[in-house]
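Heads up: the structure comes next, in C-alpha cells.
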Amino acid sequence: MLSRTADNLYWVARYIERADYLARILEVTLRLTALPVAYVGSTNEWESAVATAGCSRAFHAIYPEATEESVKEFLAFSAANSSSIRNCIELARTNARAVRTALTSEMWDTINGAWLELKRFNHGPASREEFLRFLRVVQETSLRFDGSAYRTMLRTDAYWFFRLGCNIERADNTARILDTKYHLLLPEDTHVGGPLDYYQWAAILRSVSALTSYHWVYRESLKPWLIADLLILNQKMPRSLASCYDNLVRYCDDIAEAYGRQGAAQRKARGIRTRLSNLKMDEIFQSGLHEFITVFISDNNELGGTISKQYLM
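The sequence shown begins at 1 in full-length UniProt numbering and counts up by one.
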C-alpha cells in the first residue's frame, strides 16, 4: 500500500473518533449544567470542557471567558479551531475522498452523509434541543462508520491502518477525560464523594459509554479508584487504555507480518502495553494519577509519531 493511502485511512479514523469525542464532551457538559446548583456547585463546566478537549490555549486566544455559547461555537463549529467537530468531519471526508476506492460503499455513504448533514448547521443550531440533536448525529455517524468498517472491510493493511488511527485517538481521549476530572474539575474545598463528585464521575463515565459497564463490573457506588481501574487497566472495557493498546499491538503485528518486517512502532506499542499490564491501581495512585496520565499521553503521541515515520511518510 502507498504510504499516502495508509496516511489517509489512518487520519480518517482519527478525525471521526475525535469528532465523536468532542460531541460526547459537549453533551455531558450540557447535561451537567442543567443540574440544580446544589449538585453542580460553583465549578465552570464549560472551562473544563475546553480543558478536556485539550485546546485551552487556542480557545483563550480568541475568547476571554468560557461560556456556553463560546465553547459550543469553538468546539463544534469554529473554523479557527482545527479540531472542531465541523473541521474534523470535513477533514475526514477530504481524506476519505482521496482514498475512495479503499473504502467500502457503506463507509463512504456514512461519512458523506454526515458532511451533507453538517451543511444544515452552517450558522449553528437555533436551540439547545437542536444542538443536542446535532451532537447525536455526530455520535451516530461515528458508530455507523466504525460499524460499517468492522462489518464490510477486508482484513488487509487498509483495515489495520484504519484501526491504528482509531485506537491511538481513543486512548488519547480516554486519558484526557479521566485526567481532567481528577485533576481539574473538583474544587479544592469540595468533599470527595459528595454530590458534586458523584455527578461529575457519572458524567465522565457516560461520556465514554461506561456507566452501565462500571456497575456490571464492580457492583458498587462510584469510586474514583475503581473508575480509574476501569478506564485504565480493564482490558474488557473497549475504551480503556489497556484495551486500546491490546488492539494497537495486534494491528501493528498484523502490518509487520504482512510486510515481513518489525520496526520501532511494534516495539513502542509492546513496551506501553507491557507497562500497563504490569501496573496496579494502588501503584498509579501512589505515584500520582495526573503524573501517570501525563506520561501516558506523551508516550501515546510518540507512538503516533513513530507510526507516521515508519509507514506514513
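The beta-carbon is built from N, C-alpha and C at its ideal position, and this holds for glycine as well.
Own chain partners of residue i with C-beta closer than 6 Å, once the 5 adjacent residues on each side are dropped
| i | result |
| --- | --- |
| V137 | E117 |
| D229 | M281 |
| R14 | G165, E169 |
| Y63 | S70 |
| F121 | F134 |
| G263 | Q310 |
| Y251 | W160, R163, L164 |
| A6 | F161, Y311, L312 |
| Y214 | L205, L230 |
Closest by C-alpha distance to residue i, when choosing among the options
| i | options | result |
| --- | --- | --- |
| R93 | E169, S221, K119, A114 | A114 |
| T180 | S56, D7, L312, S3 | S56 |
| A171 | G304, L154, P64, V99 | G304 |
| R176 | S240, L222, E220 | S240 |
| R31 | L135, D20, H215, S3 | L135 |
| S142 | T110, S213, F131, F162 | T110 |
| T174 | Y10, W11, Y21, A6 | Y21 |
| C88 | I62, Y199, N112 | N112 |
| A49 | W11, Q200, F145, R250 | Q200 |
| W11 | L91, S84, V28, S213 | L91 |
| I297 | C244, R261, I255, N81 | C244 |
| E65 | A58, S84, E47 | E47 |
| R261 | V217, L279, Q310 | Q310 |
| S83 | A61, G54, E27, W108 | G54 |
| E68 | A34, C252, I227 | A34 |
| T274 | H290, E257, V249 | V249 |
Buried or exposed (CB count within 10 angstroms, at least 16 for buried), residue i
| i | result |
| --- | --- |
| T152 | exposed |
| K268 | buried |
| K72 | buried |
| E45 | buried |
| L222 | buried |
| E17 | buried |
| A23 | buried |
| G288 | exposed |
| L150 | One detail in the question is off: residue 150 reads as Tyr in this sequence, not Leu. When all chains shown are included, Y150 counts as exposed. |
| E220 | exposed |
| L312 | buried |
| L9 | buried |
| A242 | buried |
| L276 | buried |
| R86 | buried |
| E188 | Interpretation of E188 is limited by its pLDDT of 47, a score under 50 that renders its predicted location unreliable; the figure taken from the coordinates is listed afterwards. E188 comes out exposed. |
| Y259 | exposed |
| N81 | buried |
| A203 | buried |
Residues near residue i by beta carbon distance below 7 Å, same chain, minus five either side
| i | result |
| --- | --- |
| T52 | I25, R176, I177, T180 |
| I307 | L164, A265 |
| D299 | I272 |
| N247 | R163, N167 |
| S148 | T104, E106, M107, T110 |
| I293 | A175, L178, D179 |
| E27 | L132, L135 |
| A96 | V12, L103, W108, I111 |
| F145 | I16, M107, T110, I111 |
Own chain partners of residue i with C-beta closer than 8 Å, once the 5 adjacent residues on each side are dropped
| i | result |
| --- | --- |
| G194 | With a pLDDT of 48 at G194, under the threshold of 50, the predicted position of this residue should be treated as unreliable, though the coordinate-derived value follows. So no residue of the chain qualifies. |
| A19 | I85, C88, I89, A92, V138, T141, S142 |
| R128 | L30 |
Closer than 7 Å to chain D by CB, residue i
| i | result |
| --- | --- |
| I177 | The structure shown contains no chain D, having only a single protein chain. |
Using 8 Å as the threshold, is the region 218 to 233 in touch with the region 275 to 291, meaning 3 or more CB pairs across them? Contact holds: three or more Cβ-Cβ distances are below 8 Å.
Can you confirm whether the region 94 to 110 touches the region 66 to 80 when touching is taken to mean that 3 or more C-beta pairs between the two stretches lie within less than 8 Å? Fewer than three pairs of CB atoms, one per stretch, sit closer than 8 Å, so the region 66 to 80 makes no contact with the region 94 to 110.
Report yes or no: do the region 153 to 162 and the region 202 to 216 share at least 3 C-beta pairs separated by less than 8 Å? Touching, no.
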